[in-house]
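In the numbering used here, the protein residues as written are 50 to 207.
Glycine included, each C-beta is placed from N, C-alpha and C at the ideal position.
From a predicted model like this one, the values you see are computed outputs, not experimental measurements.
Right, one structure below, let's go through it.
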């Protein structure tokens, strides 16, 4: 199979998978960053750990390092607007216009999300265009009465 066909077929295959939509948030000094992500999964329960894949071109990539703090905000079905804002080309404070964003020490999180997992980066694994970020979970906030925002077939699903 030609490389171009392989990439096209791979993208088609991945688009047919349905994933929960998350926003990864972090800050450095006074600058806050957020990005929409679907390449997020649990890694272990002992210790509670998560795995996040971040494109090296994303603005948040440069501020996540070993021992840094970040939050995984699992979006609810009512937060499509946040997913869209955090995936467009506008960066910085424009991504935090929603009043549900809060800070807790070195963390920035969305209190209206389905869940917020507070993580400390324990490892970074370089892989081609992305970095695999492993985070140890130190705190979890849940809004269990909400439903998750899903993404599949190239669109948000309710």
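| said: If you measure between the beta carbons of residue 198 and residue 124, is that distance less than 8 Å? | reply: On the chain shown, residue 198 is found 149 positions in, with the first residue counted as 1. On the chain shown, residue 124 is found 75 positions in, with the first residue counted as 1. Yes, these two residues count as a Cβ contact at 8 Å.
| task | Would you tell me roughly how many angstroms separate the C-alpha atoms of residue 87 and residue 200, rounded to the nearest one? | result | In the chain shown, the residue the question calls residue 87 occupies position 38. In the chain shown, the residue the question calls residue 200 occupies position 151. The straight-line gap from Cα to Cα measures roughly 8 Å.
| Can you tell which of 62, 196, 182 and 111 has its C-alpha closest to the C-alpha of residue 91? | The residue given as residue 91 occupies position 42 in the chain shown. Looking at the Cα atoms, 182 is the closest of the given residues.
| task | Please list, in chain order, all residues of the same chain as residue 190 whose beta carbon is under 6 Å from its beta carbon, the five residues on each side excluded. | result | Along the chain shown, read from residue 1 onward, the residue named residue 190 stands at position 141. Taken in chain order, the residues that qualify are 165.
| message | Across the segment 151-169 and the segment 72-84, are there enough close Cβ pairs to call them in contact, namely three or more that are closer than 8 Å? | response | yes
| query | Is it the case that the Cβ atoms of residue 184 and residue 98 are separated by a distance below 8 Å? | reply | One-based indexing of the chain shown puts residue 184 at position 135. One-based indexing of the chain shown puts residue 98 at position 49. For residue 184 and residue 98, yes; Cβs fall inside 8 Å.
| said: With distance defined between alpha-carbon atoms, name the residue in 117, 50 and 204 nearest to residue 129. | reply: Counting from 1 along the chain shown, the entry for residue 129 is found at position 80. For the residues 117, 50 and 204, the minimum Cα distance to residue 129 belongs to 204.
| field | Top-ranked residue by Cα proximity to residue 208, from 56, 178 and 187 | value | The structure shown does not extend to residue 208, since the chain is modelled only from 50 to 207, so the question has no answer here.
| request: Give the straight-line distance between the Cα atoms of residue 59 and residue 207, rounded to the nearest whole angstrom. | output: Within the chain shown, the letter at position 10 stands for residue 59. Within the chain shown, the letter at position 158 stands for residue 207. Rounded to whole angstroms, residue 59 to residue 207 spans 25 Å at the Cα level.
| task | Put residue 111 into one of helix, strand or coil per three-state DSSP. | result | Residue 111 sits at position 62 when you count from the first residue of the chain shown. The answer is helix: DSSP assigns residue 111 an H, G or I state.
| said: Just to confirm my understanding: we take residue 167, look at its own chain, exclude 5 residues before and 5 after, and list those with CB closer than 6 Å. What are they? | reply: By one-based count along the chain shown, residue 167 stands at place 118. The residues are 120, 156, 187 and 188.
| Between residue 83 and residue 145, which are expected to be in contact by the criterion C-beta below 8 Å, what is the C-beta distance as a whole number of angstroms? | Here residue 83 corresponds to residue number 34 of the chain shown, with the count starting at 1. Here residue 145 corresponds to residue number 96 of the chain shown, with the count starting at 1. 7 Å between Cβ atoms; contact.
| message | Just to confirm, is the Cβ distance from residue 149 to residue 140 under 8 Å? | response | One-based indexing of the chain shown puts residue 149 at position 100. One-based indexing of the chain shown puts residue 140 at position 91. The answer is no: Cβ separation not under 8 Å.
| request: At 4 residues or longer, and completely inside the segment 112-182: list those alpha helix (DSSP H) runs for me, N to C. | output: 129-134
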